[in-house]
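Notes to accompany the following structure.
Protein chains in written order, with the numbering used here: chain A, 1 to 287; chain B, 1001 to 1090.
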């Protein structure tokens, strides 16, 4: 049977396209324009070509921030994804306790970003914070304001506390969507718990994990508020990530041109890594 | 539009991108593409190959600008050649 083919349905995408144009495409085009000029104000601006890109790519402080950012995002994914799956697997499958678990897990996600930073800033203090005080009481010399390793661990722990729930909730919804027939077949075959996880649950979780990995990567790669409130990027520059370096440049120093070039490079890195994750995960699906 | 701080090179760049997208849309309507496997490890459509080419073109330019003193036209030429290779054999 010959189906009539019409592309008119594409017009239904038009409202979203207009919305995205105003919220993302036009601002991005503006940033590209800024990145090519030395801007003092709207009427006083000079075309400098690719000069800002050259300067940004050779700036050692920004290279250090980039390395820190990759280490941070890598650590976040390595901890939060397995931990989130583990939590989801251990949660009650139904009933009252399942609802209570879901509510408790959702709580950290509801806390505003600057409040999370403040909570951990107080929590980690050696004099009045429970976490900092307890560590010092058992003989561990912990001070996130003076020791870069302590600062790093606190920022990482804070992110894990805040966002592991998201991965756990996504994984839980993925696990609940697996039909019982799979588990019945596995029990007839006397499959071990590991085999059930490896050959039933993990493959079925792939699509939600793809969303989880992408969200956590993009979000952790753009992290700003929590470390800004907790450590202010210090001690020294040890927890200054890319977005904080960018904000200092754009809002602190009003270097709009270099900040524009920085933003474009930042955007391209996020686009590349997200595309690689997406392609790797969807490609392994088609094998 | 003055708030967008347009310059002639950036306007030409975006006009170029818009022309490519319009051209690809027209090409797709005239002859719808089928995903195929080229030298990339996965199946790609025409749009995938264009995306890969444009993203690589951005990094080719950044590499040349950041780490060499060559004129901008050299990475531009390399990117065009890479685009043609990817669209044909990718």
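Note that CB positions come from ideal geometry on N, CA and C, so glycine has one too. Keep in mind that this is a model prediction, so the values were computed, not measured.
Give the secondary structure of residue 39 (chain A) by DSSP, where H, G and I count as helix, E and B as strand, and everything else as coil. Three-state result, residue 39 (chain A): strand.
Measuring straight from C-alpha to C-alpha, what distance separates residue 1019 (chain B) and residue 27 (chain A)? Between the alpha carbons of residue 1019 (chain B) and residue 27 (chain A) lies a distance of about 20 angstroms.
Using a C-beta to C-beta distance shorter than 9 angstroms, which residues of chain A count as neighbours of residue 1053 (chain B)? Correct list: empty, because the minimum Cβ distance to chain A is about 13 angstroms.
Three-way DSSP call (helix, strand, coil) for residue 47 (chain A) in this model: In the three-state reduction of the DSSP assignment, residue 47 (chain A) falls in the strand class, which pools E and B.
Please state whether DSSP places residue 1036 (chain B) in a helix, a strand or coil. Here residue 1036 (chain B) sits in strand by DSSP.
Interface residues of chain A facing residue 1006 (chain B) [CB-CB closer than 7 angstroms]: What residue 1006 (chain B) touches in chain A: 33.
Any idea if residue 198 (chain A) is buried or exposed, counting beta-carbon neighbours within 10 angstroms, 16 or more meaning buried? By the neighbour-count rule (16 or more Cβ atoms within 10 Å), residue 198 (chain A) is not buried but exposed.
Residues bridged to residue 1044 (chain B) (per DSSP): Beta-bridge partners of residue 1044 (chain B) (DSSP): B:1036.
Output, in sequence order along the chain, the residues in the segment 267-286 of chain A whose CB is closer than 8 angstroms to any CB in chain B. Within the segment 267-286 of chain A, the residues whose Cβ lies closer than 8 angstroms to some Cβ of chain B are 268, 271, 272, 275, 279, 283 and 286, listed in chain order.
Helix, strand or coil, according to DSSP, for residue 125 (chain A) in the structure here? Correct three-state label for residue 125 (chain A): coil.
Three-state secondary structure (DSSP) at residue 1082 (chain B)? Three-state result, residue 1082 (chain B): helix.
Closer than 8 angstroms between beta carbons: that is the criterion. Which residues of the segment 1012-1032 of chain B meet it against chain A? Within the segment 1012-1032 of chain B, 1013, 1014 and 1029 place their CB atoms closer than 8 angstroms to a CB of chain A, listed in sequence order.
Would you kindly check if the distance between the Cβ of residue 32 (chain A) and the Cβ of residue 264 (chain A) is under 9 angstroms? In this structure, residue 32 (chain A) lies closer than 9 angstroms to residue 264 (chain A) by Cβ.
Determine which residues of the segment 246-259 of chain A have a Cβ less than 8 angstroms from any Cβ of chain B, and write them out in chain order. Hits within the stretch: zero.
Taking only the alpha-carbon atoms, compute the straight-line gap between residue 254 (chain A) and residue 1049 (chain B) and give it to the nearest angstrom. When rounded, the distance between both Cα atoms is 38 angstroms.
If residue 37 (chain A) sits next to residue 257 (chain A), beta carbons under 8 angstroms apart, how far is it from one beta carbon to the other, in whole angstroms? Contact flag correct, Cβ pair sits at about 6 angstroms.
Report yes if the CB atom of residue 224 (chain A) is closer than 9 angstroms to the CB atom of residue 243 (chain A), and no otherwise. A Cβ-Cβ contact shorter than 9 angstroms links residue 224 (chain A) with residue 243 (chain A).
Note down, in chain order, every chain B residue with its Cβ under 7 angstroms from the Cβ of residue 20 (chain A). Residue 20 (chain A) does not reach chain B, its nearest Cβ partner there being about 14 angstroms away, counting only Cβ pairs nearer than 7 angstroms.
Using CA atoms only, rank isn't needed, just tell me which of B:1064, B:1033, B:1009 and B:1052 is closest to residue 53 (chain A). Answer by Cα proximity: B:1064.
Do you know whose CA, among A:97, A:75, A:43 and A:39, lies nearest residue 155 (chain A)'s CA? Ranked by Cα distance from residue 155 (chain A), the options A:97, A:75, A:43 and A:39 are led by A:75.
Could you name the residues of the segment 31-57 of chain A whose beta carbon sits closer than 7 angstroms to any beta carbon of chain B, in the order they occur along the chain? Those would be 32, 33, 34, 36, 37, 39, 42, 45, 47, 50, 53, 54 and 57, in chain order.
Please state whether DSSP places residue 180 (chain A) in a helix, a strand or coil. Here residue 180 (chain A) sits in helix by DSSP.
Against chain A, with Cβ distances strictly below 9 angstroms, would residue 1073 (chain B) count as a contact? Not flagged as an interface residue toward chain A: residue 1073 (chain B), since no C-beta distance is shorter than 9 angstroms.
Inter-stretch contact at 8 angstroms, needing at least 3 Cβ pairs: the segment 17-27 of chain A / the segment 39-55 of chain A: No: the two stretches stay apart, fewer than three of their Cβ pairs being nearer than 8 angstroms.
Do residue 215 (chain A) and residue 166 (chain A) count as a contact pair if the criterion is CB distance below 9 angstroms? Taking 9 angstroms as the cut-off, the Cβ atoms of residue 166 (chain A) and residue 215 (chain A) count as close.
Among the residues of its own chain, which have a CB less than 8 angstroms from the CB of residue 130 (chain A), if the five just before and after it don't count? Sequence-distant Cβ neighbours of residue 130 (chain A) in its own chain, meaning closer than 8 angstroms and more than five residues away, are 123.
Listing by chain order, which chain A residues have their CB less than 8 angstroms from the CB of residue 1062 (chain B)? By Cβ distance, chain A contributes 53, 57, 265 and 268.
Residue 140 (chain A) to residue 112 (chain A), Cα distance in whole Å? Take the alpha-carbon of residue 140 (chain A) and the one of residue 112 (chain A): they are about 30 angstroms apart.
Stretch pair the segment 1065-1082 of chain B + the segment 57-68 of chain A: three plus CB contacts closer than 8 angstroms: At 8 angstroms Cβ cutoff, the stretches touch.
Would you mind listing the alpha helix (DSSP H) stretches within the segment 82-134 of chain A that are 4+ residues and don't spill past its ends, in chain order? Note on the segment 82-134 of chain A: whole alpha helix (DSSP H) runs with a minimum of 4 residues are 96-110 and 113-123, in chain order.
Whole angstroms are fine: how far does the CA of residue 251 (chain A) sit from the CA of residue 261 (chain A)? Cα atoms of residue 261 (chain A) and residue 251 (chain A): separation of roughly 14 angstroms, rounded to the nearest angstrom.
If I measure Cβ to Cβ from residue 217 (chain A) and keep anything under 7 angstroms in the same chain, skipping five residues before and after, which residues do I get? Hits under 7 angstroms: 73, 77, 273, 274 and 277.
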